[in-house]
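Following: one structure in structure tokens, then a few remarks.
There are 2 protein chains.
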Amino acid sequence: MSPDTQTATVRHLSDHIGESVVLRGWLAKKRSSGKIGFLQLRDGSGVVQAVASRAELSEEGWAAVEAVSQESTLEVTGVVKEDKRAPAGVELQLSELRILHLTEDYPITPKEHGTAFLMEHRHLWLRSTRQRAALRVRSEVVQAIRDFFYQRDFVNIDSPILTPAACEGTSTLFATDYFGEPAYLSQSGQLYLEPAAAAFGKVYCFGPTFRAEKSKTRRHLTEFWMVEPEVAFMEFDGLCDLAEEFICSLVARVLDRCAEQLKELDRDTSALERVVPPFPRVHYDDAVKLLNEKGHAIEHGADFGAEHETVLAAEHDRPVMVHRYPAAVKAFYMQPDPVNASLALALDILAPEGYGEIIGGSQRIHDHDLLLERIHQHDLPVEAFQWYLDIRKYGTFPHSGFGMGLERFVSWMCGLSHLREAIPYPRLLNKIYP
Amino acid sequence: MSPDTQTATVRHLSDHIGESVVLRGWLAKKRSSGKIGFLQLRDGSGVVQAVASRAELSEEGWAAVEAVSQESTLEVTGVVKEDKRAPAGVELQLSELRILHLTEDYPITPKEHGTAFLMEHRHLWLRSTRQRAALRVRSEVVQAIRDFFYQRDFVNIDSPILTPAACEGTSTLFATDYFGEPAYLSQSGQLYLEPAAAAFGKVYCFGPTFRAEKSKTRRHLTEFWMVEPEVAFMEFDGLCDLAEEFICSLVARVLDRCAEQLKELDRDTSALERVVPPFPRVHYDDAVKLLNEKGHAIEHGADFGAEHETVLAAEHDRPVMVHRYPAAVKAFYMQPDPVNASLALALDILAPEGYGEIIGGSQRIHDHDLLLERIHQHDLPVEAFQWYLDIRKYGTFPHSGFGMGLERFVSWMCGLSHLREAIPYPRLLNKIYP
Chain H
-1 MSPDTQTATV RHLSDHIGES VVLRGWLAKK RSSGKIGFLQ LRDGSGVVQA
49 VASRAELSEE GWAAVEAVSQ ESTLEVTGVV KEDKRAPAGV ELQLSELRIL
99 HLTEDYPITP KEHGTAFLME HRHLWLRSTR QRAALRVRSE VVQAIRDFFY
149 QRDFVNIDSP ILTPAACEGT STLFATDYFG EPAYLSQSGQ LYLEPAAAAF
199 GKVYCFGPTF RAEKSKTRRH LTEFWMVEPE VAFMEFDGLC DLAEEFICSL
249 VARVLDRCAE QLKELDRDTS ALERVVPPFP RVHYDDAVKL LNEKGHAIEH
299 GADFGAEHET VLAAEHDRPV MVHRYPAAVK AFYMQPDPVN ASLALALDIL
349 APEGYGEIIG GSQRIHDHDL LLERIHQHDL PVEAFQWYLD IRKYGTFPHS
399 GFGMGLERFV SWMCGLSHLR EAIPYPRLLN KIYP
Chain P
-1 MSPDTQTATV RHLSDHIGES VVLRGWLAKK RSSGKIGFLQ LRDGSGVVQA
49 VASRAELSEE GWAAVEAVSQ ESTLEVTGVV KEDKRAPAGV ELQLSELRIL
99 HLTEDYPITP KEHGTAFLME HRHLWLRSTR QRAALRVRSE VVQAIRDFFY
149 QRDFVNIDSP ILTPAACEGT STLFATDYFG EPAYLSQSGQ LYLEPAAAAF
199 GKVYCFGPTF RAEKSKTRRH LTEFWMVEPE VAFMEFDGLC DLAEEFICSL
249 VARVLDRCAE QLKELDRDTS ALERVVPPFP RVHYDDAVKL LNEKGHAIEH
299 GADFGAEHET VLAAEHDRPV MVHRYPAAVK AFYMQPDPVN ASLALALDIL
349 APEGYGEIIG GSQRIHDHDL LLERIHQHDL PVEAFQWYLD IRKYGTFPHS
399 GFGMGLERFV SWMCGLSHLR EAIPYPRLLN KIYP
């Protein structure tokens, strides 16, 4: 390595045109003609083509070009050349190549593999182009969510994972022994956010949540990340506005900063560009009418299934907000609609293109006695909810919030058909390795 | 409410000097003389003094001033007046006051309460000045951590919580039944980050981790948040530099953006201002010598206890980096020191002022056969670590990382004597409510 050679990353190579640099990374692909070799080198920040010419390399260097195999670790030295046709805008003309570790029999070859095989090799599958693209989008979305709330003066409140009681029923909970007492893994941080809203006004949590559901669909994970804001004195219309602003902000950020990844995923970005306000807002009553007109025999009062959501979403080219669901099909803590107490001030946002529900939210009951009545009606243990009732006893206040599942949002952005590719290590029914 | 009156927040009141605004919030404190009342109003964004003059209020308005009790919810209208003596720089001259909800017998009064009582009322204790200050610092630190890694092109990789095997022994794990198989709550995301480092180069995770430790100290929580970066091709010196830069960046951010909170916590900020590079770097051998000189009978080869850490940290006015610990007292995956294979390329950072270990990290073993040998030596099940070994089989690479416990860092920043105040809902031995 010559003294003026510096260690670089693929992402910043275009700052070094004409210079000699050192790169370390993995061989993604290789073509060689006997005199010239084209190596796709991946270093984590990106992929660059390195051109190895037999005439310009030492004998050992060329032997290494011939010997190097997929996913071997390499250290290369070369001059950065501008190449407008290349995705990175540059390529490398090699002067040295050293194999740091020669890989034999890498399990994931360029041929097609079954999903079960890829899932068993998730720790290696992460290196593949589509997986890297989707998880980079996820990482960008995570930061965009944090920035959205930080810029709006929300306080991040981490809700606990280990909880003594269930938020919405116990049948889908993972249980553990907590020093002799039963404890459950949280399905939602909402109940813990509400007291914090009285301290900080605007709060949010963003962490893993758990559902021990025995369903094996492309829309379910047993462990997934959820972001939940909760705002004091915000009523239902404010909630709808916040959710709309949130979605639009995230989609714009993905379009702005993940263009390269969306291209690698062959994502139709025109569908995402249409995600601008205002979103259509459809009352539950009108949604039922529409479904009936379309030949679906759903009765007023019933909850929607995935097939109903698909029909409702297909009416629009952007997310649709369905509001004021029957109280009977929704959670115990939802505020009744003042116009019709059998309906709840509840909101679902359905993504377009068949991606289904991405947001669920509501205004919360802030009257102590009404909440207590609902806890009794739902056969929930009042003792366990004493602290939650306290928030209605000491300076109660109207408040609202929503939850968004990170993997559903990322799947929609990336055009993924299954949530399992939107999380680094998916946990599914009977699937916990690696 | 007059038509030119707008709803405001305490935080932004100084933008409205001379204007009439509406505020909603909670009564923190009250003094009243019969003719004039001074109300401390908290709205989540801050606290402001509202001055109520009997002469300027309606009869109902003044009756409300007399009736309103601590933690009642209020809506007030008033003119914003500049007041340089006030913490918020302004006060409110009230023209209207309405009680939205009158609180009776709020449990946390201005008198002293015992910790057990406050912990049982954590959902209300959150509203107290010191608790709000500490959790705002926590929220700022969370965003600072995210920004640090985002700005340096790290990819956020969420490690799973539900894991089939233990990272470092099973005695302190929470277990659950995962559809008939045993699963454990993760103690560290590191093992899952290492494969991702081969895909993205620089990665980090930041989420809850769990230790079912039966220790009841002020330095332990059973559930706490940990941030862990992992970097491909980064060796031990690079790791020490990264950790130092990380700590300095976070401390500077807290000093810059949490001045108000640190003041409320009576934090001596001069101790934090000294946290600048370079941190002293002390070899384990020298640390043992120093301890012996100070009269501690610790033998070479033994791990340090809390009392040793205190002695080592007290030698310096900033964090101290102790490096190259005996391999025998450290985790199985740590790279041996090339100079002395009985030592590991391990790093601990000890905070000043008795806050103890805040960072632990190491270079990882990247040689497959050496790692396999260590797995056998530690009696770990090879089958469970097959995927982890794969990372050394397919394009292995030197890499390093560290972990920092969020609550320990926040406690240090805030000068808290117990970790329980650095997390919204602390989980401790036998303590899981609310």
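Chains H and P, in that order, are what the protein sequence lines are. If you're matching positions, the first sequence starts at -1 in the numbering used here and goes up one per residue. If you're matching positions, the second sequence starts at -1 in the numbering used here and goes up one per residue. Ideal Cβ placement from N, Cα and C applies to all residues, glycine included.
Less than 8 Å between C-beta atoms, sequence neighbours within five positions excluded: which residues of the same chain meet that for HIS397 (chain P)? Walking along the second sequence from the start, residue 397 (chain P) turns up at place 399. These residues qualify, in order along the chain: GLU192, ALA195, GLU228, VAL229, ALA230, PHE231, MET232, GLN361, ARG362, HIS364.
Can you pull the chain H residues whose beta carbon is under 9 Å from the beta carbon of SER43 (chain P), in chain order? On the second sequence, position 45 is the one that residue 43 (chain P) refers to. Chain H residues near SER43 (chain P): ASP151, PHE198, GLY199, LYS200.
For ALA53 (chain H) versus LEU95 (chain H), is the C-beta spacing smaller than 8 Å? Numbered from 1 along the first sequence, position 55 holds the residue referred to as residue 53 (chain H). Numbered from 1 along the first sequence, position 97 holds the residue referred to as residue 95 (chain H). No, the Cβ-Cβ distance between ALA53 (chain H) and LEU95 (chain H) is not below 8 Å.
If distances are taken between C-alpha atoms only, which option among H:TRP60, H:VAL135, H:HIS111 comes closest to ARG255 (chain H)? Here residue 255 (chain H) refers to the residue found at position 257 when the first sequence is read from its first residue. Taking only the C-alpha atoms, the option nearest ARG255 (chain H) is H:VAL135.
So which residues on chain P does PRO162 (chain H) lean against when the C-beta distance must stay under 9 Å? Sequence index remark: in the first sequence, residue 162 (chain H) carries index 164 (1-based). Result: ILE430, TYR431, PRO432.
Contact set for HIS294 (chain H): own chain, Cβ-Cβ below 8 Å, skip 5 residues either direction: By 1-based counting over the first sequence, the position of residue 294 (chain H) is 296. Excluding sequence neighbours, HIS294 (chain H) sits near GLU305, HIS306, VAL309.
Determine whether the Cβ of ASP266 (chain H) lies closer than 8 Å to any Cβ atom of chain P. Here the question's residue 266 (chain H) lines up with position 268 in the first sequence. So, not an interface residue.
Reduced DSSP secondary structure (H/G/I, E/B, other) of MET(-1) (chain P): Looking up residue -1 (chain P) in the second sequence gives position 1. Residue placement at MET(-1) (chain P) is flagged as unreliable, the pLDDT there being 44, under the threshold of 50; the coordinate-derived value follows with that caveat. Residue state, collapsed to three classes: coil.
Relative to the alpha-carbon of GLU110 (chain H), which residue among H:HIS121, H:GLU102, H:SER126 has its alpha-carbon at the smallest distance? The count along the first sequence starts at 1 and reaches residue 110 (chain H) at position 112. For GLU110 (chain H), the nearest C-alpha among the options comes from H:SER126.
Spatial neighbours of TYR176 (chain H) within its chain, please: C-beta separation below 7 Å, excluding the five flanking residues on both sides. Position 178 of the first sequence, counted from the start, is the residue given in the question as residue 176 (chain H). Excluding residues within five positions, the ones whose Cβ falls inside 7 Å are LEU160.
Can you tell me the Cβ-Cβ gap for LEU348 (chain H) and GLY354 (chain H), rounded? I've got them flagged as a contact below 8 Å. Here residue 348 (chain H) refers to the residue found at position 350 of the first sequence. Here residue 354 (chain H) refers to the residue found at position 356 of the first sequence. About 6 Å; that satisfies the 8 Å criterion.
Using only the alpha-carbon positions, how far apart do MET(-1) (chain P) and PRO85 (chain P) sit? Indexing the second sequence from 1 puts residue -1 (chain P) at position 1. Indexing the second sequence from 1 puts residue 85 (chain P) at position 87. With a pLDDT of only 44 at MET(-1) (chain P), under 50, the local geometry of the prediction cannot be trusted, and the value read off the model is given with reservation. C-alpha separation (whole angstroms): 27 Å.
Applying the criterion that 16 or more other CB atoms from any shown protein chain within 10 Å of the CB defines a buried residue, is PHE147 (chain P) buried or exposed? Counting from one through the second sequence, the residue named residue 147 (chain P) turns up at place 149. That one is buried.
DSSP on LYS33 (chain P), reduced to helix/strand/coil? If you number the second sequence from 1, residue 33 (chain P) lands on position 35. It is coil, neither helix nor strand.
Does the beta carbon of GLU211 (chain H) come closer than 8 Å to any beta carbon on chain P? The residue given as residue 211 (chain H) occupies position 213 in the first sequence. Not closer than 8 Å to any Cβ of chain P, the Cβ of GLU211 (chain H) fails to qualify, so no.
Using a beta-carbon distance below 8 Å, is HIS121 (chain P) in contact with chain H? If you number the second sequence from 1, residue 121 (chain P) lands on position 123. It does; some Cβ of chain H falls within 8 Å.
Do the stretch 196 to 204 of chain H and the stretch 203 to 217 of chain P make contact, defined as three or more Cβ pairs closer than 8 Å? With the cut-off at 8 Å, the stretch 196 to 204 of chain H and the stretch 203 to 217 of chain P do not touch.
Could you work out which residue in P:LEU404, P:MET411, P:ASP81, P:ALA210 is closest to ILE155 (chain H) when comparing CA atoms only? Position 157 of the first sequence holds residue 155 (chain H). Cα-wise, what sits closest to ILE155 (chain H) is P:LEU404.
Could you run through the stretch 60 to 88 of chain P and flag, in chain order, every residue whose CB is less than 7 Å away from some CB of chain H? GLU69, SER70, THR71
Can you tell me where the alpha helix (DSSP H) with PRO193 (chain H) in it begins and where it stops? Taking the first residue of the first sequence as position 1, residue 193 (chain H) is located at position 195. It spans 188 to 198 - the alpha helix (DSSP H) in which PRO193 (chain H) sits, taken as one unbroken run.
Using 8 Å as the limit for Cβ to Cβ distance, is THR308 (chain P) near chain H? Stepping through the second sequence from its first residue, residue 308 (chain P) is reached at position 310. Taking Cβ atoms only, chain H never reaches closer than 8 Å to THR308 (chain P), which makes this a no.
Do the CB positions of GLY393 (chain P) and GLU64 (chain H) come within less than 8 Å of each other? Here residue 393 (chain P) refers to the residue found at position 395 of the second sequence. Here residue 64 (chain H) refers to the residue found at position 66 of the first sequence. No, the Cβ-Cβ distance between GLY393 (chain P) and GLU64 (chain H) is not below 8 Å.
Close Cβ partners of LEU414 (chain P) (< 7 Å) along its chain, the five nearest in sequence each way excluded: The count along the second sequence starts at 1 and reaches residue 414 (chain P) at position 416. Sequence-distant partners of LEU414 (chain P) (beyond 5 residues in either direction) whose C-beta falls short of 7 Å from its own C-beta, in its chain, are ALA132, ALA420.
Evaluate LEU368 (chain H) with the Cβ neighbour count: other Cβ atoms within 10 Å of its Cβ, from every protein chain shown; 16 or more gives buried, anything less gives exposed. The sequence position of residue 368 (chain H) within the first sequence is 370, counting from 1. Answer is exposed; the Cβ neighbour count stays below 16.
Per-residue DSSP class, three states only, for ARG120 (chain H): As a working note, residue 120 (chain H) is residue 122 in the first sequence. Of the three classes helix, strand and coil, the one that applies to ARG120 (chain H) here is helix, per DSSP.
Rounded to the nearest angstrom, what separates GLY442 (chain P) and MET224 (chain P) at their Cα positions? Because chain P spans -1 through 432 in this model, residue 442 (chain P) falls outside it and cannot be assessed.
Against chain P, which members of the stretch 308 to 334 of chain H pass a CB distance test of less than 7 Å? none
PRO422 (chain H) to SER12 (chain H), Cα distance in whole Å? Position 424 of the first sequence, counted from the first residue, corresponds to residue 422 (chain H). Position 14 of the first sequence, counted from the first residue, corresponds to residue 12 (chain H). Near 30 Å, if we compare the C-alpha coordinates of SER12 (chain H) and PRO422 (chain H).
Euclidean distance between Cα positions of ILE389 (chain P) and GLU89 (chain H): Sequence index remark: in the second sequence, residue 389 (chain P) carries index 391 (1-based). Sequence index remark: in the first sequence, residue 89 (chain H) carries index 91 (1-based). Cα to Cα, ILE389 (chain P) sits roughly 28 Å from GLU89 (chain H).
Residue interval of the alpha helix (DSSP H) (run including GLY393 (chain P)): Locating residue 393 (chain P) in the second sequence gives position 395, counting from the first residue. Neither: GLY393 (chain P) is in no alpha helix (DSSP H) and is coded neither H nor E.
Within 10 Å of its beta-carbon, does HIS121 (chain P) have 16 or more other beta-carbons around it, so buried, or fewer, so exposed? In the second sequence, residue 121 (chain P) corresponds to position 123, counting from 1. Per the 10 Å Cβ criterion, buried.
Quick check: GLY187 (chain H) and GLU226 (chain H), are their CB atoms within less than 8 Å of each other? By one-based count along the first sequence, residue 187 (chain H) stands at place 189. By one-based count along the first sequence, residue 226 (chain H) stands at place 228. Yes.
Among the residues of its own chain, which have a CB less than 6 Å from the CB of MET411 (chain H), if the five just before and after it don't count? Numbered from 1 along the first sequence, position 413 holds the residue referred to as residue 411 (chain H). Counting only residues of its own chain and dropping the five nearest sequence neighbours on each side, MET411 (chain H) has a CB closer than 6 Å to the CB of VAL135, VAL252.
Pair within 8 Å by beta-carbon distance, ILE15 (chain H) and VAL74 (chain H): The residue you call residue 15 (chain H) lines up with position 17 of the first sequence. The residue you call residue 74 (chain H) lines up with position 76 of the first sequence. No, Cβ-Cβ distance for ILE15 (chain H) and VAL74 (chain H) is not below 8 Å.
Could you give the residue range of the beta strand (DSSP E) that holds ASP454 (chain P)? As displayed, chain P neither begins before -1 nor continues past 432, which places residue 454 (chain P) out of reach and without an answer.
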